[in-house]
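Read the structure below first, then the notes.
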Amino acid sequence: MIKLKISTKQKHEISPYLYMQFMEPVGVCDSSVDAAWDFIEHKWYDKVIDKAKELAPTMVRFGGCFASYYHWMEGVGDRKSRIPMYNHVWGGYYSNQVGTHEIVDFCRQVNAEPLLVVNMETEGLPTLHDPLTGSDRTGTAEEAAAWVDYCNNPDNALRLSHGVEKPYNLKYWQIGNETSYSVFGNLGFTSDECQAVTRRFAAAMREKDPSIRIIGWGDETKYWEDPAGAVDKTWCKKMSQVDEVDIIAFHAAPALLENSPLGGLHYKEDFESTWDHFMQGYTGLRDLIAQMRADRGSKRLAITECHYAFPGNKNRGTSLSTWAAGVSYARCHNELMRNSDVLEIGTIADFFGNIWQSNALMIPTPVPLFEPYLMPVGAVMKLFGAHQGKYEVDVSCGGALDVVASKTGSTYYLHVANTDMNAAQTLQLDLGSEKIKSATMYYIATDPETEICPFNTHCFDSQEMKIEGDTVLLLAAAVAAIEIVTE
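Numbering-wise, our numbering comes out as the position in the sequence shown, counting from 1, plus 63.
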């Protein structure tokens, strides 16, 4: 029996935005936004909205690499006048039928806070031009400020001319995306240049709305083509010195151990080994968050993208369809919660699409013929998000459990992962002097080799069990959210 000693003393308030999802048009790589949009009815597919409501993201971020060549004015107003754009990183043309209004509409329908990423001078990369129109894709501080004004100024003439009377009042804005990462062999701004440009953009944007919260980029240099060829670990420290920035963003990925079997089909050869590798994934987040903590100064932090990144993980990374991946991602999300004193925004998945295995919500196409479903990472985020407290509390235990705890009033919430794929664990709930009035466990428990696909879309649905007394059995390879109401 494993005793869970749960402190009754509440600590800091947990940001609601640790269940963020990340929306990006990724061209010919994954239909993503286009798969979710009904181009005939000019609205989001009802079935996608319904499934997204189940997932219940608290924030939706629009941007990614796409933001570095996106001009927001091409995607507002009359549909016939919207300007298609070449998707320089992901390929193909984006129609711009989904723009500011449609993004906000999606967020309002699923009760999520929007987060928009502005085009920060194409991250300092070589100038990009549309191959058909020749248009310069470089974004300016004036363009970013105009977007803030369009969204938040009650009297903005352009938005009013588009028939939108009320301002969107968007609070969160990110300047740039992966500015320190190479793109097709090219690095953009240096850390000093990024610091200066971010200051200039932030000042222009705040002039339009001083109340917005601004996110700046702070991850270290990552030159993918030659990791040892360009090293600069000062990005976070320098961004911490920018007074106009409230939050520092970085991107994370679960760790890959040496000789990882997770890519391709190797995970099928020895699933015990696959499980062991998956169970260590959370250490990648743990170590990177610790590094960012040390350099952040007084700034809050934001993980604005996070997912497994092994060769072929997006197109053929079917190990991410297994329940073992779900348990791994549960450990990753618990790591976010352990750092919720500094994290204001966090995610552990891409959002939606029809191909990428890193998605939380899969949209099989053609959309009218299939039902969207939650990948293992989405099932975990749905489960934990539905049973989440407002304040962190300490919890201690031993054995094969990974546990975090929170509370709201007299109700406590435990997020638990059984890291043993073969053995169940008996849990004893210990709240000291507080007496348990009632307790319920919501859990997902299945063979860790089970894979979800369009033909078994409910295989990771959660189950509910009332807990009698103070002990409960957690099955092997199970993930659970436990609610405890005290007297």
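Glycine included, each C-beta is placed from N, C-alpha and C at the ideal position.
Exercise. Enumerated in chain order, which unbroken segments of the beta strand (DSSP E) with a length of 3 residues or greater are wholly contained in the region 503 to 533?
Worked result: As far as the region 503 to 533 is concerned, its whole beta strand (DSSP E) runs of at least 3 residues are 526 to 529.
Exercise. Between which two residues does the alpha helix (DSSP H) harbouring Cys257 extend?
Worked result: Residue range Ser254 to Lys271 is occupied by the alpha helix (DSSP H) that includes Cys257.
For this session: Taking only the alpha-carbon atoms, compute the straight-line gap between Leu383 and Gly127 and give it to the nearest angstrom.
Result: Distance between the alpha carbons of Leu383 and Gly127 is about 21 Å.
Exercise. Which stretch, first to last residue, makes up the alpha helix (DSSP H) that contains Thr163?
Worked result: According to the DSSP assignment, Thr163 belongs to the alpha helix (DSSP H) that extends over Thr163 to Val173.
For this session: Could you check if Arg142 is buried or exposed, using at least 16 other CB atoms within 10 Å of its CB as the buried criterion?
Result: So Arg142 counts as exposed.
Problem set entry | CB of Ala175 within 8 Å of CB of Phe415, strictly | Taking the C-beta atoms as reference points, Phe415 is found no nearer than 8 Å to Ala175.
For this session: Drop a sphere of 10 angstroms on the beta-carbon of Ser94, count the other beta-carbons inside from all chains shown, and report buried for 16 or more, exposed for fewer.
Result: The residue in question, Ser94, is buried, as its Cβ has 16 or more Cβ neighbours within 10 Å.
Problem set entry | 8 Å Cβ cutoff, Glu165 in contact with chain C | Note that chain C does not occur in the displayed structure, where there is just one protein chain.
Problem set entry | Reference Asn417; option with closest CA among Ala387, Ala541, Asp339 and Gly90 | Closest option to Asn417, judged by alpha-carbon separation, among Ala387, Ala541, Asp339 and Gly90: Gly90.
Problem set entry | Segment contact, 8 Å Cβ cut-off, at least three pairs: the region 134 to 141 with the region 151 to 163 | Contact between the region 134 to 141 and the region 151 to 163 is present, with at least three C-beta pairs closer than 8 Å.
Problem set entry | Unbroken beta strand (DSSP E) run spanning Trp135, endpoints | Per DSSP, Trp135 is not a residue of any beta strand (DSSP E), being assigned neither H nor E.
For this session: Check whether the Cβ atoms of Met388 and Pro435 sit closer than 8 Å, and answer yes or no.
Result: The identity of residue 388 in the sequence shown is Ala, whereas the question assumes Met. Their beta carbons are not under 8 Å apart, which means Ala388 does not touch Pro435 by this criterion.
Exercise. Three-state secondary structure (DSSP) at Glu288?
Worked result: DSSP places Glu288 in the coil class of the three-state scheme, outside both helix and strand.
Exercise. Pick from Ile311, Ser421, Arg269 and Ile103: whose alpha carbon is nearest that of Gln84?
Worked result: Relative to Gln84, the option among Ile311, Ser421, Arg269 and Ile103 whose CA is nearest is Ser421.
Problem set entry | Helix, strand or coil at His478 according to DSSP, with G and I counted as helix | Strand.
Problem set entry | Span separating the alpha-carbon of Gly187 from that of Gly448 | A direct Cα-Cα distance of roughly 37 Å separates Gly187 from Gly448.
Problem set entry | From Arg276, Arg262, Ala315 and Asp272, residue whose alpha carbon lies closest to that of Lys285 | Cα-wise, what sits closest to Lys285 is Ala315.
For this session: Kindly indicate which three-state DSSP category Pro177 falls into: helix, strand or coil?
Result: In the three-state reduction of the DSSP assignment, Pro177 falls in the strand class, which pools E and B.
Problem set entry | Residues near Ala265 in its chain [Cβ-Cβ closer than 8 Å; skip 5 each side] | Around Ala265: Ile238, Ile277, Gly279, Val305, Glu307 and Val308.
Exercise. Are Val294 and Phe341 closer than 8 Å when you measure CB to CB?
Worked result: Taking 8 Å as the cut-off, the beta carbon of Val294 is found no closer than this to the beta carbon of Phe341.
Exercise. Considering Ala543, what are the terminal residues of the beta strand (DSSP E) in which it resides?
Worked result: Here the beta strand (DSSP E) through Ala543 covers Val542 to Thr549.
Exercise. Cα-Cα, which of Thr367, Ser243, Ile77 and His164 is closest to Pro290?
Worked result: Pro290 has its Cα closest to that of Ser243, out of Thr367, Ser243, Ile77 and His164.
Problem set entry | C-alpha gap between Glu524 and Arg145, whole angstroms | Before going on, a small fix: residue 524 reads as Asp here, not Glu. Asp524 and Arg145 have their C-alpha atoms spaced approximately 41 Å apart.
Exercise. Quick one: what's got a C-beta closer than 6 Å to Asp101's C-beta in the same chain, skipping five residues either side?
Worked result: Closer than 6 Å at Cβ, skipping near neighbours: Tyr108.
Exercise. What residue does the alpha helix (DSSP H) around Ser336 start on, and which one ends it?
Worked result: Ser336 -> alpha helix (DSSP H) spans Phe334 to Met342.
For this session: Would you identify the three-state DSSP class for Phe415, choosing helix, strand or coil?
Result: If DSSP states are grouped into helix, strand and coil, Phe415 belongs with the strands.
For this session: Report the three-state DSSP secondary structure of Gly279 (helix, strand or coil).
Result: Here Gly279 sits in strand by DSSP.
Problem set entry | Three or more C-beta pairs below 8 Å linking the region 167 to 186 and the region 110 to 122 | With a cut-off of 8 Å, the region 110 to 122 and the region 167 to 186 count as touching, because enough Cβ pairs lie within range.
Exercise. If you run the structure through DSSP and keep just helix, strand and coil, what is Tyr454?
Worked result: Strand at Tyr454.
Exercise. In the structure shown, what three-state DSSP assignment does Tyr231 receive?
Worked result: Tyr231 falls in the coil class under three-state DSSP.
For this session: Could you tell me whether the Cβ atoms of Asn240 and Ala130 are closer together than 8 Å?
Result: Contact flag set, yes.
For this session: Starting from Arg124, follow its DSSP beta bridges and name the residues at the other end.
Result: Phe85 and Leu178.
Problem set entry | N-terminal and C-terminal residue of the beta strand (DSSP E) that Lys470 is part of | In the DSSP assignment, Lys470 falls within the unbroken beta strand (DSSP E) covering Leu464 to Thr471.
Exercise. Which of the three DSSP states, helix, strand or coil, is assigned to Tyr392?
Worked result: Tyr392 falls in the helix class under three-state DSSP.
Exercise. When you compare each of Leu325, Ala312 and Arg379 to Leu351 by their alpha carbons, which one comes out closest?
Worked result: With distances taken between Cα atoms, Leu351 lies closest to Ala312.
For this session: Between the Cα of Ala365 and those of Gly375, Pro374, Leu348 and Gly380, spot the shortest distance and give me the residue it belongs to.
Result: Ranked by how close their Cα comes to the Cα of Ala365, the residues Gly375, Pro374, Leu348 and Gly380 have Leu348 in first place.
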